[in-house]
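For reference, the structure discussed in these notes is given below.
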Amino acid sequence: MRSTTTQPRSTARRRRRLLGLAPALALGLLLGLSATPGLTPPAAAVGGSFTDNLDSYNTGRWNKADGWSNGGMFNAGWRADHVWHSGGVMGLNLNNTPCPSGCSGKPYASGEYRSNELYSYGRFEVRMKAASGSGIVTSFFTYTGPSDGQPWDEIDVEILGKNTWQMQTNYFTNGVGGHESVINLGFDAAAGYHDYAIEWWNGGTINWFVDGRLVHQENGSRGPLPTRPQRIMMNLWPGTGVDSWLGPFNYTGQRTATYDWVKYTQY
58 MRSTTTQPRS TARRRRRLLG LAPALALGLL LGLSATPGLT PPAAAVGGSF
108 TDNLDSYNTG RWNKADGWSN GGMFNAGWRA DHVWHSGGVM GLNLNNTPCP
158 SGCSGKPYAS GEYRSNELYS YGRFEVRMKA ASGSGIVTSF FTYTGPSDGQ
208 PWDEIDVEIL GKNTWQMQTN YFTNGVGGHE SVINLGFDAA AGYHDYAIEW
258 WNGGTINWFV DGRLVHQENG SRGPLPTRPQ RIMMNLWPGT GVDSWLGPFN
308 YTGQRTATYD WVKYTQY
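The C-terminal residue of the sequence shown carries number 324 in our numbering, and the numbering is unbroken.
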């Protein structure tokens, strides 16, 4: 799934019907076209390999989204205090706590974590536990767009809360998506931690792994693969107007997604 500033993702994003567009496309348009560069840390040189255990907030590597909403199908505003570190994990809370400025008119608040630097071809890995519940998305993805002075490219891992036994993959190149695939996991992604990886090869393929097992591959036959360095992003959000994709969202209390570690290996 995706992110922006009243807009960058993750994301993403990340698929049924909104204003006549498939939600994944509409989501990307929100991410790519409504960027507010002033709210995004300036992109540094393309980053190198790292492992982050997410034990604490590393401001040199990450930024907490704060004070805006992605708009459109995102039914929450981002609050920095909804991203937390405790007990060796990073968590994202989704609840109905008001934002200081009203959550950009959204009724809920949630958290988004994004890298300060951009990252190119390599292996992007995360160990996470998704949030469950109809109408919500737990994400791990890469994204770049106009807020980085680039066209919109993105690669997605999304767990839809309505069925946490599945994972959805997708990618966007120059703003063109529509490459969704649904993967049966064989386990409940909200019941425990599992490893998810995106392996992005220069001029080759994008491979998705779950617990070290290859579960999906894109080779460009459905459309050109992304080429531009991207931010690493994680967010948790409720949808609105996309019930056919996410299912209806009915707030019954706080939802939380947790992340144990993130790793990037440069290729």
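We put the beta carbon where it would ideally sit given N, CA and C, even for glycine. Computed from a prediction, not measured in an experiment: that's the story for all the values here.
| Query | Result |
| --- | --- |
| Under the three-state DSSP convention, the category G310 falls into | coil |
| Three-state secondary structure (DSSP) of P94 | For P94, the pLDDT reaches just 35, beneath the cut-off of 50, and the residue's location in the model is therefore unreliable, leaving the point undetermined. |
| Alpha-carbon to alpha-carbon, N276 and T313 | 34 Å |
| Burial state of G202 (16 or more Cβ within 10 Å) | buried |
| Continuous alpha helix (DSSP H) stretch holding L303: start and end | 300-303 |
| Proximity to L282 [Cα-Cα], best of G296, Y228, A247, S301 | Y228 |
| As assigned by DSSP and simplified to three states, the class of G177 | Note that residue 177 is Ser in the sequence shown, not Gly. Coil at S177, not helix or strand. |
| Backbone CA spacing between F244 and D252 [nearest angstrom] | 12 Å |
| The segment 100-114 in contact with the segment 169-179 per 3-pair CB rule at 8 Å | yes |
| Supposed contact pair L242 and Q225 - C-beta distance, whole angstroms, cut 8 Å | With 8 Å as the limit, Q225 and L242 do not qualify as a contact, their Cβ atoms being about 11 Å apart. |
| G218 and V194 closer than 8 Å at C-beta | yes |
| DSSP three-state assignment for H142, whether helix, strand or coil | strand |
| Neighbourhood of P208 by C-beta, 6 Å cutoff - its chain only, sequence neighbours within 5 removed | N231 |
| Residues sharing a beta bridge with N276, DSSP | The partner list for N276 (beta bridge, DSSP) is empty, contrary to what the question assumes. |
| For A122, the nearest candidate out of I255, G129, F181, C160 (CA to CA) | C160 |
| Of the residues F181, P164, H142, the one placed nearest Q323, counting alpha carbons only | F181 |
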